[in-house]
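This note's numbering applies: residue 6 is where the sequence shown begins, and numbers increase by one.
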Amino acid sequence: MAKNIVLYLTDTDAEYGQWLICDDQGNAVSETRRDTLENIADQVEGRKLTVILPAEAVSLFSVTVAGNASRAVKAIPFALEEMVSQDIEDLHFAVGDRQSGDTYPVAVVAQALMQKLQQRFAEVGLRPVAMRAEAQALPRFQEDDAGWTALSDGDRVLVRIDDFSGYAIDRSSAEVLLGQSLEE
């Protein structure tokens, strides 16, 4: 039996999701299905669950903070204060492992959304082992590849810049932004 399920929440209502079963290498071994979280929970038992959140709900940053890891984790919200649109008290900061040069990957999500998702998952019996931003689900072609990956999805474009950077943008803005980036 494949041991992993990936659940993509297409919106933050957390009523429905798209899901599939993956092997240990991340290869899909089932078709993608859409279902209620209750029905998905029935399929998860004995498997690891990774939840993919819509890119619009997650901001990804790389932050350089000197000091030991515990001090850095405490300092990161303040280091990002000018870069986020909400009060830092209203945000959840998920800090990844230290990278080179005291740089940390950080995913920022509204605290209210995290609480809502945790409550909803508990109601239906889902216990994710990880949550990821949608942009992080796009492929990287090589570890040392400096190229971007973009996916056109209706009126929006999903962009992955590197392992810890990505976003969603409306199609018309994407054409301008990506065009400027290609010129650079």
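Virtual Cβ for every residue (Gly too), placed ideally from N, Cα, C. None of these values were measured; they are calculated from a predicted model.
{"Check": "Measure the Cβ-Cβ separation of V63 and V113 and say whether it is below 9 Å.", "Outcome": "yes"}
{"Check": "Please classify F83 as buried or exposed, where buried requires at least 16 neighbouring CB atoms within 10 angstroms.", "Outcome": "exposed"}
{"Check": "Can you tell me which residues form a DSSP beta bridge with I93?", "Outcome": "Answer is none; I93 lacks a bridge partner."}
{"Check": "Alpha carbon to alpha carbon, how far is P133 from D29? Give it in angstroms, no decimals.", "Outcome": "16 Å"}
{"Check": "Of the residues K79, A74, I10 and T37, which one's Cα is nearest the Cα of Q48?", "Outcome": "I10"}
{"Check": "Please go through the stretch 89–145 and give each complete alpha helix (DSSP H) segment of 4 or more residues, from N-terminal end onward.", "Outcome": "116–129"}
{"Check": "Applying the criterion that 16 or more other CB atoms from any shown protein chain within 10 Å of the CB defines a buried residue, is Q141 buried or exposed?", "Outcome": "buried"}
{"Check": "Rounded C-beta distance between G171 and L65? I'm assuming under 8 Å.", "Outcome": "6 Å"}
{"Check": "Does DSSP put S178 in a helix, in a strand, or in coil?", "Outcome": "helix"}
{"Check": "Report the rounded CA-to-CA distance for G31 versus K53, giving the unit in angstroms.", "Outcome": "12 Å"}
{"Check": "Are A80 and D95 close, meaning C-beta to C-beta below 9 Å?", "Outcome": "no"}
{"Check": "Taking the alpha-carbon positions, what's the L58 to R137 distance?", "Outcome": "6 Å"}
{"Check": "Within 10 angstroms of its Cβ, does G191 collect 16 or more other Cβ (buried), or is it exposed?", "Outcome": "What is shown of the chain runs 6 to 189, which leaves residue 191 out entirely."}
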